[in-house]
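First the structure, in the form of structure tokens, and then the observations on it.
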Ligand code: 0PR
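Residue numbers (the working numbering): 1449 to 1800.
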């Protein structure tokens, strides 16, 4: 039986989106390739190098190292793994904002590293005093988020990097979602603006590539060495990735999307998405709902439980923050028409 492909018409809380047509086509051409064995599958290995060069340009990374991961989860796990492997302490810990993605919990679990979470302030950004208090000589990595999953906030990255330097820890930036919109804002989030050691930036989110295409970047050659294990029976002799067989389709589609969209395509999309987000914030405010003022294309709205459930019953694919707000991510597939239809349903269903 053949399942219907996903209809994106009512998908409002996802961080995935419809791939760019060029990305879709490129993915199909590379479906049978495995960049996990780069000497056998050389064409896709070359494309992966191209993807890293493109990601380096977007993020201001001068001498790029990295690879196309399965997603932000893998890239975050690898950052923690590299930091743990490079450190000498027997009791490593990592300090992560409590707004950090749950993949850090997975990282801490599989790597047997203590996870210390720092609270956020009422601005939804990490509390720097709390980070300083949690960090000590056993801290191997401090993370900041550039575009949080729940509120789209950017942590004070310059200050966080200084705290990381003070305790001799790696500084990791999770720009999994934000990485393809932040170039069009005033935030300081790039390798050439802040001393960043490792970064997560996912083409399969705002980059409009096909799933799976994540990005793990580092400014330090040691980081990939610290991740590499020997692969005796392959043509290539070692492997730094977490997964073995990987998706060549993801890599090809990431390159195609970035070739097509960097920089004006992404800029135009960011402007459309941001205008939609502000339009939506005004629409909710006009109706008397409290919203968390958006800084990136992601809006959180204080909505009564009953109304949230009725909207879901109408088929809207929506989710809530840990604190219970409705969260809408204005991904590229989310149009003004779709948001108008959503608000019409809000009006109809709140009256019930
Ligand atoms: N870092 C940040 C800041 C993220 O937002 C996410 C995912 C990750 C890391 C992990 O990335 P991967 O899921 O690629 O491993 N944020 C979304 C979330 O957890 C992922 C998502 C995407 C969820 C699409 C639902 C969905 O429909 O909410």
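Where a beta carbon is used, it is the ideal one built from N, C-alpha and C, also for glycine.
Buried/exposed call for residue 1532, threshold 16 Cβ in 10 Å: buried
Three-way DSSP call (helix, strand, coil) for residue 1482 in this model: coil
Proximity test, residue 1633 beta-carbon vs the ligand 0PR heavy atom, cut-off 6 Å: no
CA-to-CA distance, residue 1483 to residue 1490, given in whole angstroms: 8 Å
First through last residue of the beta strand (DSSP E) which encompasses residue 1515: 1513-1517
Among 1476, 1472 and 1519, the one whose alpha carbon lies nearest that of residue 1660: 1519
Residue 1696, buried or exposed, once every other Cβ within 10 Å from all chains shown has been counted against 16: buried
Supposed contact pair residue 1705 and residue 1651 - C-beta distance, whole angstroms, cut 8 Å: 6 Å
Residue 1499 vs residue 1729 beta-carbon contact at 7 Å: no
Distance between beta carbons of residue 1508 and residue 1640, contact taken as under 8 Å: 4 Å
Terminal residues of the alpha helix (DSSP H) in which residue 1790 lies: 1784-1798
Beta-carbon proximity of residue 1699 to residue 1495, cut-off 7 Å: yes
With 16 other Cβ atoms within 10 Å as the buried cut-off, status of residue 1515: buried
Short Cβ contact (7 Å threshold) for residue 1732 with residue 1725: no
Beta-carbon proximity list for residue 1793, same chain, < 8 Å, skipping 5 on both sides: 1759, 1762 and 1764
Continuous beta strand (DSSP E) assignments of at least 3 residues falling wholly in the stretch 1652-1726: 1662-1666
Top-ranked residue by Cα proximity to residue 1623, from 1513, 1481 and 1524: 1524
Per-residue DSSP class, three states only, for residue 1759: helix
Cβ-heavy atom distance, residue 1463 to the ligand 0PR, below 6 Å: yes
Segments assigned alpha helix (DSSP H), at least 4 residues, entirely inside the stretch 1577-1644: 1605-1614
DSSP beta-bridge partners of residue 1562: 1541
Three-state secondary structure (DSSP) of residue 1649: coil
Residue span of the alpha helix (DSSP H) that contains residue 1766, given as start and end: No alpha helix (DSSP H) holds residue 1766; DSSP gives it neither H nor E.
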